[in-house]
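Taking it in order: structure first as structure tokens, then the write-up.
In my numbering, the protein residues as written are 102 to 543.
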């Protein structure tokens, strides 16, 4: 039975509606994970370190699509809740056209600044050349990557989360098959891995563009649009938290790499890369749930259904809490098998990765609260509060922790920094949710 945004949401219905978004985000995170597996095992740890070193810069360029997707999705769903379907479609069309143009500009900027950025971060010699080689190929697909990020959010708003899942699975399988063919079979190394990822991003970005441009059964369709400064400002403000979150995570990843080079060398970067692959998949579940629940929250907020809004918040916090415990347990149990998949060929690197894994996994107990808290305020069109939570969580708390803790605990301090940052962010999110309950009637 089809689930409508206007429905009353039980736990079962809420999980059914968000399931597609959860799986969709997990499949998206598989891109880097698959690249890392094939590069590490078939090209070696030096190219593997290069992929992990330059990926944060590439993610910064693509995450503007996440800003348009989450911010636009919140405004579109609220507009639908107010009964303004035509206005919702105009906003939808406007942000898709603008984000496509932004993708082209970002691609050009990335090609210009790729080498200087890698050098600024400390890459030299073989590491630098590998970063540039991998990055240039990925940058060719940045416009499609921006659209892919955006449509992952907007499929749920359009009432078609299952279709969004199908597109993302298709893109993920494309990446896996091409990685196997180009890296494992044809032995093309970094070039093959980059080409596989770039092509899969095109699948994830262009197919939805064609779907929404044609007659379809969703709530949204691409059509004529004019620039609406007021709506565009709201979209940017609403989505600024997600943009801040993605940019901050990438900047902090760069800072982690700088600290790891200082305290552990290139092996530290490789070990951190394995942790980040698991982190991407686990946090993707929180992000996916938040993305899937966001249009439901926005709709009922726009419709003035305060009791439903209160119920959605309570149910979501309980679901996130259960997810958190399960992810911590899974991380502890799977630490050694996962580490062996990536770096089992090097005993010293394996030992460092396992040590980091066992410490870092405690962060999963706290991460979900802040991720959902930021998304919750985005859904309420309170972009300022959402952005503040994201800024504190992904930039200020993490940067401070990774700069300070290594002075006392060396490499262990780098792994511990994420736990401290997530705990602080969870506390801030809880305080905001408690402090604003009367304003938003939840």
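Every residue, glycine too, gets a C-beta built ideally from N, C-alpha and C.
It should be emphasised that the depicted structure is a prediction, and the values quoted were computed from it without experimental measurement.
- The alpha-carbon of residue 497 is positioned some 29 Å away from that of residue 450.
- DSSP places residue 162 within a helical segment (H, G or I) once states are collapsed to three.
- Around residue 543, the same chain offers 410, 411 and 414 as residues with beta carbons nearer than 6 Å, after the five sequence neighbours per side are excluded.
- Put simply, of 336, 374 and 370 the residue whose alpha carbon is nearest the alpha carbon of residue 484 is 336.
- Using a 10 angstroms sphere on the CB of residue 227, the tally of other CB atoms stays under 16, which defines it as exposed.
- Buried is the label assigned to residue 360, since at least 16 other Cβ atoms lie within 10 Å of its Cβ.
- Here residue 364 is near residue 511, since their CB atoms are less than 7 Å apart.
- Residue state for residue 358 is assigned as helix, using DSSP reduced to three classes.
- Under the three-state reduction of DSSP output, residue 377 falls in the helix class.
- Residue 317 carries a coil assignment under DSSP once its states are collapsed to helix, strand and coil.
- Here residue 225 is exposed. Its C-beta has fewer than 16 other C-beta atoms within 10 Å.
- Within the segment 271–304, complete alpha helix (DSSP H) segments of at least 4 residues are not found at all.
- Per DSSP, residue 447 is not a residue of any alpha helix (DSSP H), being assigned neither H nor E.
- According to the DSSP assignment, residue 241 belongs to no alpha helix (DSSP H), since it is labelled neither H nor E.
- Remark: three or more beta-carbon pairs, one from each stretch, lie closer than 8 Å, so the segment 381–401 and the segment 114–133 are flagged as touching.
- Taking the C-beta atoms as reference points, residue 211 is found nearer than 7 Å to residue 162.
- Straight-line measurement puts the Cα of residue 260 at about 18 Å from the Cα of residue 196.
- Of the other Cβ atoms in all chains shown, 16 or more fall within 10 Å of the Cβ of residue 515; this residue is therefore buried.
- Looking at 493, 465 and 455, the one whose alpha-carbon comes closest to that of residue 513 is 455.
- Fully contained in the segment 467–508 is no beta strand (DSSP E) run of length 3 or more.
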